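Student: Here's a structure for you.
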Amino acid sequence: MSAVLPMQPTGEPAGWEAYGDDKHERVGFFTDTSVCIGCKACEVACKEWNLIPQDGQEWTGHSYDNTGELDANTWRHVAFVEQEKPLYRTLEAPTAEPSAPGGKPSPSATGNGDGGTGLRWLMESDVCKHCTHAGCLDVCPTGSLFRTEFGTVVIQADICNGCGYCVPACPFGVLDKREIPSTQDSGYKPDLPSFLGKQKDGRVWKCTLCYDRLRGGHEPACAKACPTKSIQFGPLEELRQRADARLAKLESEGWNGAQLYGRNPDDGVGGFGAFFLLLDDPEVYGLPPDPVVPTAKLGEMWLNMATAAAALMVGVVGVVALGGRR
Amino acid sequence: MSEVRSYYGRPVIKEPVWTWEIPTYFFTGGVSGASSVLSLSAKLFGNEKLSKRALYIGAAFDAVSPLLLISDLGRPERFHHMLRVFKVTSPMNVGAWVLLVNGGASNTAAVLELLGILKPVKLLAELVATFFGPPLATYTGVLVADTAVPAWHEGRHELPWLFGASATASAGAASTMFMDPGDAGPARRLAIGGVIAEGTLVHAMELRLGEVGEVYHQGAAGKFSLAAKVLAGGGAALLATKGRRSRAAATLGGAMVCAGELCLRWAVFKAGVQSARDPKYTVKPQRERADRNGGSKATTFPGEPAAPAGRGA
C-alpha cells in the first residue's frame, strides 16, 4: 500500500533527492556512549547556540539527570543510569588484550572495569534521531517540518502553527510544544496581537542538527563542545563504518551489552540520521527498543477508512430508504 | 513477562498536547459528516422535514468545528497554514481540506435553504457535502491512529469504523432531538443502529488491543467509557421503546445518545493519553518484537535476576 504514498521502504529519505544539485551528502551524529562522561557540555552548548529558553529547574533524584527528557527546550539530553553490573562481560580479567593505545587502561588493568564495586554508570547524550522515515515530518499538516539538503529534519518556526500533531507521532518522544510565555526568553514576537488570549510561544521545537551551522560549514554545537568525542558529527556512511569498528573493538574487549542503536537502514524508521552505541538495551536509556514510523501503516489505514466511509454512506442511505417515515 | 525495563519509569513517547477542543471536535465533526448524508438521503426518499433538520444541524456543527480546531492551535492566527499544502501523509492536513469542503458546502446549502433561493446551487452544495461527509466522520480515526500512541495505533483497524458508527448514532440522535417523532423514524433508527454497531466495535477493539486495552477501564478513560455505555445504551433503549410516540422521550433519548457519543470520543482520547504516559505499553510489545528478530544484546550476570525467556544471554 505504500505505493500510494510518497514513501520508500528503506534507504534514502523521501523527497531528499528533489534538491538536485543542491543535495548535500547526508550527515548525522554517531553518539558513542562508551566514552560519555556525563559533563552535559552538549546540553549547554546546544541551549546557548540555539538560544533555547530556560524552562525551570527540577531536582529529579534520578542520578545526575536533572533535565529529564528531550522536549521543546532541551534538544540534547544526557541520561544517567546507575547499575549494579560490571562494565565487562566476564568476571575474570581478560588476558589476551594488551593495553589499548592512547593510554586507556585495558580491562585487565581494572578487573571488571568497576573498581571492584560491581557498579557501572551509563551516560548517554540523547538527541533527535533525524529518521530516514520521519513520522513528525510525514504528519505535519503545514509543511513546517521539512527534509533539508543534508538529509536532516527541521521545523520552520515561521510556518509552525502549533497543531501538535508531530508530538505523539514521534516514536521517540523528541518533539514538544513550547509553553513558555512568548514575550519572555524565547524572543518570540507575535505577528499579530495576541489571539484568543494565547500568551505562549505555542510552537513545536526540536533539534535542527544546527542547520544554520551546517549551512555555514560548521559542525553542530554539541559535537563541537563534546570533550571526549562521544558525539561525533560527519557523513552518515562514514559514521556507520566508524561505529562498526568501534563496536567490534568493544566486543573484543568484552564490554557488557555493547550494541549499535539506529544504525540499521532496514529498521522501522529506515535507520537514524543520529544513531548510538549503547551499553545496555535501548529502553534502559528511555529509548524505544524497536521503533516503527506510524505512517508505515498509513496506506492501509486510508484504505480502511475509505471502506468505513463507504459503509457509513450505504448504511445511512439504506436505513433511510428501507425504513418507514415514523 | 513481568519485567519491563525503563528509564526511571518515564514515558518513552510524548503524550498528545491536544486540549479539550480536539475530542470535542471528533464529536462535532462526526455529527456534521453523518448529518450531511442523512439530509440528502432523506430528501431523496421524500422526507423533506428530516432533510431540513439534518441540514441545519450539520451546518451548525460544521460551523463550530473549525473554531474548536483553531482554538486548540498554539498559534491560532496561523490556522491557514494548514491549507498552504495538500499532503496525503498527514491525516490532519487531509482532514482540514475535507472539513473545509464539507463545512463550506453544508453551510452554503443551509443559507440557500433559509433564503429559499438558487435551488440548483443548493442541490450541488448538498451533493458535495454528502460525498465529503463520510470521510469527515471517519478520518479522525486515522488521525489518532497515525501516531506512536499505543492505544491509538494498535486500534487502527477499528477506529475509523468506531468513529463512523459513533458519528451515525449522534447525527441520528441530534435530528431526533429537534423534530416531531412522526417524521424522525430514519434518524431514530440510525441512532439505535449506530449505538449497537459501536458497542460491537468497542468490544472488538479492546480484544485486539490486548494488554493496552486495559487503559479503557482505568482512570479518566474508564470513567468516560462507562459514561458512554450507560448514556448511549440508555438513550438508544429509550428511543427504541418510547421514541416513536413521545416527543419528550425522543428528545431525552436523543440527548442521551449525543452525550454518550461525546463521552466515547473523550474515552478514546484519554485512553491514548494514558497509554502514552506508561512506558510499558510502548516498550513491552517492541521488546517482544525485537527479541523475536534477534534478541537483546544485554548480558545477564551471576547474581542478577534471570532475564526473561527469549532474551539473549
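These protein sequence lines map, in sequence, to chains A and B.
The opening residue of the first sequence carries number 1395 in my numbering; numbering runs sequentially from there.
The opening residue of the second sequence carries number 559 in my numbering; numbering runs sequentially from there.
Even for Gly, the Cβ is constructed at its ideal location relative to N, Cα and C.
Since we're looking at a predicted model, the values are computed, not measured.
Quick one: which residues of the region 813-834 of chain B get their C-beta closer than 8 Å to a C-beta of chain A? List them in chain order.
Tutor: From the region 813-834 of chain B, only G830, A834 have a Cβ closer than 8 Å to chain A.
Student: Assuming A:C1422 is part of the beta strand (DSSP E), what are its boundary residues?
Tutor: First, the amino acid is wrong: residue 1422 of chain A is Gly here, not Cys. Its beta strand (DSSP E) spans residues 1421-1426.
Student: Assuming A:F1423 and A:V1521 are in contact, meaning their beta carbons sit under 8 Å apart, how far apart are those beta carbons, in whole angstroms?
Tutor: Right, their Cβ atoms sit about 6 Å apart.
Student: Find the nearest neighbour of B:V646 within the set A:Q1653, A:N1460, A:P1535, A:G1648, judged by alpha-carbon distance.
Tutor: The shortest C-alpha separation from B:V646 is found at A:P1535.
Student: Closer than 9 Å, Cβ to Cβ, to anything on chain B: give me those residues from the region 1691-1709 of chain A, in chain order.
Tutor: So the list reads K1691, L1692, E1694, M1695, W1696, N1698, M1699, A1700, T1701, A1702, A1703, A1704, A1705, L1706, M1707, G1709, given in the order they occur along the chain.
Student: Kindly indicate which residue of B:F637, B:I571, B:S564 has the alpha-carbon position closest to the one of A:R1597.
Tutor: It is B:F637 whose Cα lies nearest to the Cα of A:R1597.
Student: Looking at B:L748 and the ligand ATP, is the gap between the Cβ and the nearest heavy atom below 7 Å?
Tutor: Absence of the ligand ATP from the depicted structure is noted, as is the absence of any ligand whatsoever, leaving it without description.
Student: With a cut-off of 8 Å, does the C-beta of A:H1456 fall near any C-beta of chain B?
Tutor: Closer than 8 Å: yes.
Student: Hey, out of B:S648, B:A668, B:M763, B:N660, whose CA is closest to B:L717's CA?
Tutor: Selected option, being the one with the closest Cα: B:M763.
Student: The alpha helix (DSSP H) spanning A:R1607 covers which residue range?
Tutor: Taken as a continuous stretch (DSSP letters only), the alpha helix (DSSP H) holding A:R1607 covers 1605-1609.
Student: For A:T1461, which beta-bridge partners are listed by DSSP?
Tutor: Partner(s): none; A:T1461 has no beta bridge.
Student: So B:W576 contacts chain A; which residues on that side make the cut at Cβ distance below 8 Å?
Tutor: Result: G1558.
Student: Using the Cα positions of A:W1453 and A:K1434, report the straight-line distance between them to the nearest angstrom.
Tutor: Distance between the alpha carbons of A:W1453 and A:K1434: 16 Å.
Student: Would you mind giving the Cβ-Cβ distance between B:A686 and B:A663, rounded to the nearest angstrom? I have them listed as a contact below 8 Å.
Tutor: Residue identity check: residue 686 of chain B is Val in the sequence provided, not Ala. At roughly 4 Å, the Cβ-Cβ gap stays under 8 Å, so B:V686 and B:A663 are in contact.
Student: Under a CB-based cut-off of 8 Å, is A:M1395 close to chain B?
Tutor: For A:M1395, the predicted model reports a pLDDT of 38, less than 50, meaning its position is unreliable; a value from the coordinates is still stated below. No, no contact with chain B.
Student: Helix, strand or coil: how does DSSP classify A:Q1477 here?
Tutor: A:Q1477: strand per DSSP, three-state reduction.
Student: Please identify the residue among B:A794, B:R835, B:Y566 whose C-alpha is closest to the C-alpha of B:T726.
Tutor: Ranking the options by Cα distance to B:T726, first place goes to B:A794.
Student: If the cut-off is 7 Å on Cβ atoms, which residues from the region 728-741 of chain B count as contacting chain A, listed in chain order?
Tutor: Listed by position, the residues of the region 728-741 of chain B near chain A (Cβ gap below 7 Å) are G740, D741.
Student: Going straight from the alpha carbon of A:A1408 to that of B:A807, what length do you get?
Tutor: Taking the straight line from one Cα to the other gives about 56 Å.
Student: With H, G and I counted as helix, E and B as strand and the rest as coil, what does DSSP make of A:Q1550?
Tutor: Reduced to three states, the DSSP call for A:Q1550 is coil.
Student: Leaving out five residues on either side along the sequence, give the residues of the same chain with a beta carbon under 8 Å from the beta carbon of B:T705.
Tutor: Closer than 8 Å at Cβ, skipping near neighbours: P574, H711, G830.
Student: For B:P693, which residues in chain A fall below 7 Å Cβ to Cβ?
Tutor: Per Cβ cutoff of 7 Å: A1703.
Student: Indicate the three-state DSSP secondary structure (helix, strand or coil) for B:S629 in the structure shown.
Tutor: Here B:S629 sits in helix by DSSP.
Student: Flag A:I1553 as yes if its beta-carbon sits less than 8 Å from any beta-carbon of chain B, otherwise no.
Tutor: Cβ-Cβ to chain B under 8 Å: yes for A:I1553.
Student: How big is the Cα-Cα spacing for A:V1711 and B:A695?
Tutor: Each residue's alpha carbon lies about 15 Å from the other.
Student: Got a sec: is the Cβ-Cβ distance from A:T1577 to anything in chain B below 8 Å?
Tutor: Interpretation of A:T1577 is limited by its pLDDT of 47, a score under 50 that renders its predicted location unreliable; the figure taken from the coordinates is listed afterwards. Closer than 8 Å: no.
Student: I'd like to know whether the C-beta atoms of B:A779 and B:K828 end up nearer to each other than 8 Å.
Tutor: Going by C-beta atoms, B:A779 is nearer than 8 Å to B:K828.
Student: With C-beta atoms as the reference, is B:A817 less than 8 Å away from B:V773?
Tutor: Contact flag unset, no.
Student: Does the beta-carbon of A:D1638 have 16 or more other beta-carbons within 10 angstroms, so that it is buried, or is it exposed?
Tutor: Exposed: under 16 other Cβ atoms inside 10 Å.
Student: In whole angstroms, what separates the C-alpha of B:L797 from that of B:M735?
Tutor: Straight-line Cα distance between these residues: approximately 10 Å.
Student: If you measure from the beta carbon of A:K1571 to each beta carbon in chain B, is any gap under 8 Å?
Tutor: By this cut-off, A:K1571 is an interface position.
Student: Once DSSP output is grouped into helix, strand and coil, what is the label at A:A1704?
Tutor: Reduced to three states, the DSSP call for A:A1704 is helix.
Student: Taking B:Y614 as the query, report the chain A residues whose CB atoms sit under 9 Å from its CB, ordered along the chain.
Tutor: Simply none; closest approach about 17 Å.
Student: Using the beta-carbon count (16 or more within 10 Å), is A:E1486 buried or exposed?
Tutor: Here A:E1486 scores only 48 on pLDDT, less than 50, and its place in the model should not be relied on; the value that follows carries that caveat. The residue in question, A:E1486, is exposed, as its Cβ has fewer than 16 Cβ neighbours within 10 Å.
Student: Measuring only between beta-carbons, confirm whether B:Q844 sits less than 8 Å from chain A.
Tutor: Yes, B:Q844 counts as interfacial toward chain A.
Student: Distance, Cα to Cα, A:A1615 vs A:R1607?
Tutor: Rounded to whole angstroms, A:A1615 to A:R1607 spans 8 Å at the Cα level.
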